[in-house]
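In the numbering used here, the protein residues as written are 14 to 488.
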Ligand SMILES: Cc1cc2nc3c(=O)[nH]c(=O)nc-3n(C[C@H](O)[C@H](O)[C@H](O)COP(=O)(O)OP(=O)(O)OC[C@H]3O[C@@H](n4cnc5c(N)ncnc54)[C@H](O)[C@@H]3O)c2cc1C
């Protein structure tokens, strides 16, 4: 018997229906279309993966499913590697096309994509990939990139007719036989400490940002507590493609003319550029994931210190702003830019550890985007050889950006009774003050695990020595 001819839309980090080129292509191709997502155990077992990421993905898929319910259609979720899933589907159907977005991921997901490419070639399936946002595959000249960004962001969005398309329903027995194990509850149940995934939520965040929160954007962006509201908080939605960059850009432009906060909007839009610009760097140079761009940098000896790493990861370094940043990140998946840069600086310069040991951070960031993560780590670690080396002074940042200690007290209850003017350097409290403010240093809260000044000076000298012209700056 002849197999039914079908197309597949393979969703990856593009979990939305709006402005979605692969869906448009499938709708136009006029064959029954299978909507497919795979939770791949091998990807989920990688060092950079965390349950928080997969929960966000699951919520995004639930949001998509709620839109399909009206038309009695389904997005099929497999908890399996992609190749066995494609194998099973190909045994049942004649797969004509697979449509998906290009993914700039890690080396691991790139290898996975290569094996999908091989599978498609061997099975005469046409796999058509569409560009993601403004990232250009096989870009020849970086100087052309700005123009391409502009063109892509101003082009009309790729919209599907909601009632259009011919969505395929799988036989339930076939699906149950092949869908893999049930996802664990820590993925399928929402955790209220984290932003909720889904296209609906992406638009809610964008709307509330442009309508009111944007007014504090520039003022609050560096403040660890106030940035939680003052920034857009769109990053996980962009990472998992709950909204396209083009929709964010065009919707923002619509608000621009009538907005009283033009300077804030300009600052926001320049960061939208950065998003794609950073990912473009990884797209052009996959080695950024593993090796410092400045070759000499990797040869510097940095003995791994498990005790330091553990103290840093558990928010117990004895430096309040560093500890509060890590504890809040672990608990909520979010940290603003400046504090991200500062915790990396502390790890790399003060603790003298290797930036390549920072998979822990990838796991904590709800918005973990390999194309931003790795270039940013290298930049903050002074490993690019071109950017200014910035060694953040945690005390100065604490005094400036959390002057009243609100953020510190929220995340380090041990320090709750210490007055604001003393909270930034609690190790300086006298014995009497420690008793008075219910915090014995070394018992209730640690003394700093390293000497901040000595370690900063040493790191500055070493990294300065690797360069000839670049300045080391305090951040
Ligand atoms: C070490 C380190 C690692 C980082 N890892 C990530 C990551 O994995 N994923 C991620 O999205 N951002 C990352 N960033 C960038 C930045 O911290 C976050 O994008 C931002 O804090 C997210 O909050 P928001 O959405 O409210 O940003 P907003 O300030 O509202 O900015 C809007 C959007 O612009 C983009 N953006 C903002 N700042 C930057 C930046 N410096 N570089 C590139 N794009 C930017 C993001 O997509 C963000 O959602 C990292 C920064 C550092 C220092």
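Yeah, the Cβ is synthetic: ideal placement off N, Cα and C, and Gly gets one too.
In the three-state reduction of the DSSP assignment, residue 404 falls in the strand class, which pools E and B.
Apart from the 5 residues on each side of it in sequence, residue 200 sits with its Cβ closer than 7 Å to the Cβ of 64, 67, 68 and 71 in its chain, given in chain order.
Just so you know, the alpha carbons of residue 24 and residue 48 end up roughly 7 Å apart. Residue burial annotation: residue 77 is buried, with at least 16 other C-beta atoms found within 10 angstroms of its C-beta. The Cβ atoms of residue 303 and residue 389 lie no closer than 8 Å to each other.
Residue environment analysis places residue 354 among the buried positions, since at least 16 neighbouring C-beta atoms fall within 10 angstroms of its C-beta. Excluding five sequence positions before and after residue 454, the CB atoms of its chain that fall closer than 7 Å to its own CB belong to 439, 440, 442, 447 and 460, given in chain order. In this chain, the beta strand (DSSP E) harbouring residue 18 covers 17-24.
Within the region 54-136, complete beta strand (DSSP E) segments of at least 3 residues are found at 89-91 and 106-114, given in chain order. The DSSP-derived three-state label of residue 211 is coil. Judged by beta-carbon spacing, residue 123 lies within the 8 Å limit of residue 299, meaning their Cβ atoms are closer than that value.
For the set 261, 175 and 95, the Cα lying nearest the Cα of residue 80 is the one of 175. A distance criterion of 7 Å places the beta-carbon of residue 357 in contact range of ligand 1, judged by its closest non-hydrogen atom. Inclusion of residue 487 and residue 406 in the CB contact set at 8 Å is warranted, their separation being smaller than that value. Between the region 366-382 and the region 300-320, the count of Cβ pairs shorter than 8 Å is three or higher; the stretches touch. An exposed status is given to residue 150, since fewer than 16 other beta-carbon atoms sit within 10 Å of its beta-carbon. DSSP places residue 306 in the coil class of the three-state scheme, outside both helix and strand. Nearest in C-alpha terms to residue 480, of all of 402, 456 and 224, is 402. Between the beta-carbon of residue 324 and that of residue 424 there is about 15 Å, and that puts the pair past the 8 Å contact cut. Listed as beta-bridge partners of residue 180 by DSSP are 46. Our two residues, residue 254 and residue 378, have alpha carbons roughly 16 Å apart in a direct line.
Contact between the region 82-97 and the region 151-171 is absent: fewer than three C-beta pairs spanning the two stretches fall below 8 Å. When DSSP assignments are scanned along the region 319-369, no uninterrupted stretch of beta strand (DSSP E) that is 3 or more residues long falls wholly within it. Taking C-beta separations shorter than 6 Å and ignoring five residues to either side along the sequence, the partners of residue 45 in its chain run 19, 179 and 181, following chain order. Excluding the 5 residues flanking it on each side, residue 252 has same chain C-beta neighbours closer than 6 Å at 380 and 382, in chain order.
Here residue 194 carries a coil assignment [DSSP, helix/strand/coil].
When the five nearest sequence neighbours on each side are left out, no beta carbon in the same chain lies closer than 7 Å to the beta carbon of residue 267. Residue 234 is positioned such that its CB atom lies closer than 8 Å to that of residue 349. Per DSSP, the continuous alpha helix (DSSP H) segment holding residue 393 begins and ends at 383-393. If you look at residue 314, you'll find it isn't in any alpha helix (DSSP H); DSSP assigns it neither H nor E. Boundaries of the alpha helix (DSSP H) around residue 158: 158-167. Under the three-pair Cβ rule at 8 Å, the region 134-153 does not count as touching the region 226-242. DSSP places residue 466 within a helical segment (H, G or I) once states are collapsed to three.
In this structure, residue 165 lies away from residue 56, with their beta-carbon atoms at least 8 Å apart.
Looking at the DSSP output, residue 143 shares a beta bridge with 114.
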